[in-house]
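Peer 1: The structure is given below, and queries will be raised subsequently.
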Amino acid sequence: MAVAGIPEVIHDFNMYTKGSKIVGVTGEVKLPDFEAMTESVSGAGILGEYDAVVIGRYGSMEQEIPFRCFNSDYFKLIDPTTVVEITLRGAIQQTNPATGAVEYVGMRVVYRGKCKKISLGTVKQGGPMDSSLTIEPTYIMIELNGKQKIELDKLNGVFKVNRVDLLAAIKKLT
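Add 123 to the 1-based position in the sequence shown for our numbering, that's all there is to it.
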């Protein structure tokens, strides 16, 4: 079995919408958290209680897109009546432990959703505005080196991890 490279840093990244690079995004974008919906379980034969994870169901997510200053790209994304599709492409720098050579792995994150928050920022002479907008993703897909790692499509009942449909058994029963 080949040993995976040791991931070190995101060497560089860009964000796109409809194939066009988004201009003005800051150097740091926090990706959304996946917080599973749960149900507390207790009863006879169980010592106490625990939270059961409901497979494939996740709570509300937020994807903030930070801008140094708002611009025309910013205003293209804020219409809450249309779906925004964002693609983040990055290069992860890693070291090959066998050779010590530096290598790069491609990363792609695609998400779709609607704008739910607009933060215009602050106006200060000689400083950035720190504007941002927040998307409510209903679809997110993450690839590493061209291989899909996770796909969640809340509106179409899709939840895959490493290309395995974790809801396949449920779809057969319902």
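Cβ atoms here follow ideal geometry from the backbone N, Cα and C, with glycine treated the same way.
Take the Cβ of Q186 as the centre, count every other Cβ of all protein chains shown within 10 Å, and call the residue buried at 16 or more, exposed below.
Peer 2: What you label residue 186 is simply residue 63 of the sequence shown in a count that begins at 1. It counts as buried.
Peer 1: Three Cβ pairs or more, each shorter than 8 Å: is that satisfied between the segment 252-259 and the segment 229-237?
Peer 2: With a cut-off of 8 Å, the segment 229-237 and the segment 252-259 count as touching, because enough Cβ pairs lie within range.
Peer 1: List the DSSP bridge partners of K239.
Peer 2: Position 116 of the sequence shown, counted from the first residue, corresponds to residue 239. Looking at the DSSP assignment, K239 forms no beta bridge with any residue, so it has no partner.
Peer 1: Flag this pair as touching only if the segment 132-149 and the segment 176-184 have three or more C-beta atom pairs under 8 Å; answer yes or no.
Peer 2: With the cut-off at 8 Å, the segment 132-149 and the segment 176-184 do not touch.
Peer 1: Check I169 in the structure and name its three-state DSSP category.
Peer 2: Against the sequence shown, residue 169 aligns to sequence position 46. DSSP places I169 in coil when its eight states are reduced to three.
Peer 1: For V232, which beta-bridge partners are listed by DSSP?
Peer 2: Here residue 232 refers to the residue found at position 109 when the sequence shown is read from its first residue. According to DSSP, which records beta bridges pairwise, V232 is partnered with L211 and I265.
Peer 1: Give the straight-line distance between the Cα atoms of M230 and E208, rounded to the nearest whole angstrom.
Peer 2: Start at 1 with the first residue of the sequence shown, and residue 230 comes out as number 107. Start at 1 with the first residue of the sequence shown, and residue 208 comes out as number 85. Going from the Cα of M230 to the Cα of E208 covers about 17 Å.
Peer 1: Which term fits V164, buried or exposed, when burial requires 16 or more other beta carbons within 10 angstroms of its beta carbon?
Peer 2: Here residue 164 corresponds to residue number 41 of the sequence shown, with the count starting at 1. Exposed, since its Cβ has fewer than 16 Cβ neighbours within 10 Å.
Peer 1: Under a three-way DSSP split, which group does I293 fall into?
Peer 2: Position 170 of the sequence shown, counted from the start, is the residue given in the question as residue 293. Helix, per DSSP.
Peer 1: Tell me whether the beta-carbon of Y197 lies closer than 8 Å to the beta-carbon of S242.
Peer 2: Numbered from its first residue, the sequence shown carries residue 197 at position 74. Numbered from its first residue, the sequence shown carries residue 242 at position 119. No, the pair does not count as a contact, with Cβ atoms beyond the cut-off.
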